[in-house]
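Asker: Numbering (this note's numbering), first residue to last: 537 to 918.
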């Protein structure tokens, strides 16, 4: 009788739906933590770190930028080692340690270095989730259903983007600073349980054949005769579709995350909105994605990514113009206390509707070319 026994519940813990569900929650938690501090950054800088209100804009931009810089440096390395790792679960579990440490540092920070260090740890842990997590989803889903699966995953990611700023904005005003930070700990707790329960899906080994058994008796071929796998950078340079998809992804995420640096301060200065209303603004921006993302993924599976992405970028340009005009006194009819907030809110909803059609294009295009590192760009600008 063998000594190895399958893990308890291995059948459902390794099922496609459980693996995808675990990655959905992991991405939800990552984006929840990413956007959680945005509405309360002003309070943290001015009340806890005792910085002048005039510094809030620059410090907010810096704290969000350092998250992106850390991802730029860590992303390619994580993708490289993810391709070589024997399992994907190990880096996913290890990243939790960095995420927990970073979250505790951010919450308890009484100095700028501690706050920035916490964000760096969160950034690296988040990069692991995006790169390794979505590669795990790609492994678990047939190629012809990848767009639909990514749409479902992005729905959970959008949910994290929504609930992070909304929860922090509400709780800071109603329950206080430390009660606000209890929610991320609960989210991380659920994430930890699911990642530990997940059993990675392993592709079955091909059956042995007589020729294979004979070959095993021979000396292995020299290393130089083995064909090398596709290189990430070579793939980008040789395939224009991949390069364009990556550029589109960088553009899409850059525009999306710019709201975190500008929206809270803009609406406070232009409309006098409180942290609660800032959270509501992020809700208007991201709630449409919960409904639209699955349909956007389904549409990509049917017609490809070119037409939906092109139309989405054109419409996003129109919406961004409206966002800039809302509340601007130099634009007749749009600078009033009623017209400005109404147009701004409507434009946020419009942006949230069209964004799912342009997000995740790199994931779909590059999946067919190289595994493991195909989602580096998703985190390089975060």
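No residue lacks a Cβ here, since even glycine has one placed at the ideal position from N, Cα and C.
Measuring only the C-alpha atoms, how far is residue 722 from residue 715?
Answerer: If I take the Cα positions, the gap works out to 12 Å.
Asker: Could you spell out where the alpha helix (DSSP H) holding residue 601 opens and where it closes?
Answerer: It spans 592-620 - the alpha helix (DSSP H) in which residue 601 sits, taken as one unbroken run.
Asker: Residue 555 and residue 676 look like a contact to me (Cβ under 8 Å); what is the Cβ gap, rounded to whole Å?
Answerer: 5 Å between Cβ atoms; contact.
Asker: Compare the Cα-Cα distances from residue 572 to each of 699, 791 and 846 and report the closest residue.
Answerer: It is 699.
Asker: Looking at residue 855: is its Cβ nearer than 8 Å to the Cβ of residue 814?
Answerer: Result no, Cβ atoms of residue 855 and residue 814 do not sit closer than 8 Å.
Asker: Can you give me the start and stop residues for the alpha helix (DSSP H) that residue 800 sits inside?
Answerer: Run containing residue 800: 776-807, per the alpha helix (DSSP H) assignment.
Asker: Give me, in chain order, the residues of the same chain whose beta-carbon lies closer than 8 Å to that of residue 530; leave out the 5 immediate sequence neighbours on both sides.
Answerer: Past the edges of the chain, shown from 537 to 918, lies residue 530, and the structure says nothing about it.
Asker: Mind the definition here: the region 653-673 touches the region 627-644 only if three or more C-beta pairs lie below 8 Å; say whether that holds.
Answerer: Touching, per the Cβ criterion.
Asker: Taking the alpha carbon of residue 645 as the point to measure from, which residue in 774, 599 and 862 has its own alpha carbon closest?
Answerer: It is 599.
Asker: Give the straight-line distance between the Cα atoms of residue 730 and residue 559, rounded to the nearest whole angstrom.
Answerer: In a straight line, the C-alpha of residue 730 is about 9 Å away from that of residue 559.
Asker: Are residue 811 and residue 705 closer than 8 Å when you measure CB to CB?
Answerer: Yes, these two residues count as a Cβ contact at 8 Å.
Asker: If residue 817 sits next to residue 879, beta carbons under 8 Å apart, how far is it from one beta carbon to the other, in whole angstroms?
Answerer: Their Cβ separation, rounded to whole angstroms, is 13 Å, which puts residue 817 and residue 879 out of contact at 8 Å.
Asker: Starting from the N-terminal side, write out each stretch of the beta strand (DSSP E) that is 3 residues or longer and does not extend beyond the region 672-747.
Answerer: Counting whole runs of 3 or more residues, the region 672-747 contains no beta strand (DSSP E) stretch at all.
Asker: Under the three-state reduction of DSSP, which class applies to residue 624: helix, strand or coil?
Answerer: Coil at residue 624, not helix or strand.
Asker: Would you grab the beta carbon distance between residue 888 and residue 807 for me? Rounded to a whole angstrom, and I think it's under 8 Å.
Answerer: Actually they do not touch by this definition, with Cβ atoms about 19 Å apart.
Asker: Could you pull the start and end residues of the alpha helix (DSSP H) that residue 852 belongs to?
Answerer: Segment 842-861, the alpha helix (DSSP H) holding residue 852.
Asker: Measure the alpha-carbon distance for residue 802 versus residue 833 and round it to whole angstroms.
Answerer: Their backbone Cα atoms lie some 32 Å apart in a straight line.
Asker: Assuming residue 819 contacts residue 702 under a Cβ cut-off of 8 Å, what Cβ separation, rounded to an integer in Å, is found between them?
Answerer: About 5 Å; that satisfies the 8 Å criterion.
Asker: May I have the straight-line CA-CA distance separating residue 632 from residue 728, to the nearest angstrom?
Answerer: Spanning the two alpha carbons is a distance of roughly 7 Å.
Asker: Return the chain-ordered list of same chain residues with a C-beta closer than 8 Å to the C-beta of residue 592, the five sequence neighbours on each side being excluded.
Answerer: These residues qualify, in order along the chain: 577, 578, 581, 582 and 801.
Asker: In terms of residues, what are the limits of the alpha helix (DSSP H) holding residue 822?
Answerer: 811-839 is the extent of the alpha helix (DSSP H) around residue 822.
Asker: Please classify residue 795 as buried or exposed, where buried requires at least 16 neighbouring CB atoms within 10 angstroms.
Answerer: Residue 795 is buried by the Cβ-count criterion.
Asker: Using only the alpha-carbon positions, how far apart do residue 671 and residue 626 sit?
Answerer: Going by the C-alpha atoms only, they are around 14 Å apart.
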